[in-house]
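J.:
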């Protein structure tokens, strides 16, 4: 049983406050999948633990105070976002205090990567918080969530390319341009309503995976220039390989709804 939410004005979607008044005036209970409106029925294998539609950002954020089936999604992104934000300050101060000859570009690259991580995790935590607000807000912040993932991919690749082609200005600019174009196209797909909905779920996954796997191009190119052993030291390639494996695994889990598709109801809260 969750706390009693309060009705309040909400600039995000005032038109829906009337339709959500019942949820805000009564004791909030967690719902089953079948009790949700159709637009909020995303994963039919998660049967219970859903928050009622709030129509209020204030009410949605108050759901941080009780357990529901978005709690893990929220806090598994929110806590790392705070950690990366604090890490931003620490890393930049560490570089400044230990290395007198650190170039401004080094500061920029480190700051860019950490800020894209904060943006990605923060947007995802916000999306999972507001997913029960209304159909319009759910779709809006879903798009922001996906854009955040692309931003983190861009920040990751920009910093990686910077390290691999430290002295090769031309190659660095070519690969920065490549990932910039691919990232922009992926963001366009994520923001364009034409590509929303369940039928484009796999297509969106492929766009993500394609952009992510494009990072192997500069790695392979670097191997041809510097050799495999040097690249293992210079570029942090083992970490990129692990990251690529997790990217594929995450995309597979998202697209197939594994493992809950095998055991409906077993992965509810």
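Residue numbers (our numbering): 4 to 272. We put the CB at the ideal spot given by N, CA and C, even for glycine.
Look at the alpha carbon of residue 87 and the alpha carbon of residue 59, and state the distance between them as a whole number of angstroms.
T.: About 29 angstroms.
J.: Evaluate the contact criterion for the stretch 260-267 versus the stretch 182-193: three or more CB pairs, one atom per stretch, below 8 angstroms.
T.: The answer is no - the stretch 182-193 does not touch the stretch 260-267, with fewer than three Cβ pairs under 8 angstroms.
J.: May I have the straight-line CA-CA distance separating residue 99 from residue 105, to the nearest angstrom?
T.: If you take the alpha carbons of residue 99 and residue 105, they lie about 7 angstroms apart.
J.: Can you pull the DSSP bridge partners for residue 51?
T.: Beta-bridge pairing links residue 51 to 35.
J.: Give me the residue from 238, 258, 253 and 165 with the minimum Cα distance to residue 200.
T.: Of the candidates 238, 258, 253 and 165, the one whose C-alpha sits nearest the C-alpha of residue 200 is 258.
J.: Cβ of residue 90 within 8 angstroms of Cβ of residue 71?
T.: no
J.: Can you name, in chain order, every residue of its own chain whose Cβ lies under 6 angstroms from the Cβ of residue 66, other than the five neighbours on each side?
T.: 54
J.: Within a Cβ cutoff of 7 angstroms, which residues of the same chain sit near residue 156, ignoring the five residues on either side of it in sequence?
T.: Cβ neighbours of residue 156 beyond the five flanking positions: 186, 214 and 215.
J.: Rounded C-beta distance between residue 211 and residue 254? I'm assuming under 8 angstroms.
T.: 6 angstroms
J.: Which class does residue 93 belong to by DSSP, given the choice of helix, strand or coil?
T.: helix
J.: Do the stretch 118-130 and the stretch 167-183 touch if we need at least three Cβ pairs shorter than 8 angstroms?
T.: Judged by Cβ distances under 8 angstroms, the stretch 118-130 makes no contact with the stretch 167-183, as fewer than three pairs qualify.
J.: Decide if residue 148 is buried, meaning its Cβ has at least 16 other Cβ atoms within 10 Å, or exposed.
T.: buried
J.: Classify residue 268 as helix, strand or coil using the three-state DSSP reduction.
T.: coil
J.: Comparing alpha-carbon positions, which option in 73, 109, 140 and 76 lies nearest residue 165?
T.: 109
J.: Whole angstroms is fine: what's the gap from residue 33's alpha carbon to residue 43's?
T.: 14 angstroms
J.: Give the single residue among 82, 150, 79 and 68 whose Cα lies nearest to the Cα of residue 207.
T.: 150
J.: Classify residue 180: buried if its beta carbon has 16 or more other beta carbons within 10 angstroms, exposed otherwise.
T.: The residue is exposed, with fewer than 16 neighbouring Cβ atoms inside 10 Å.
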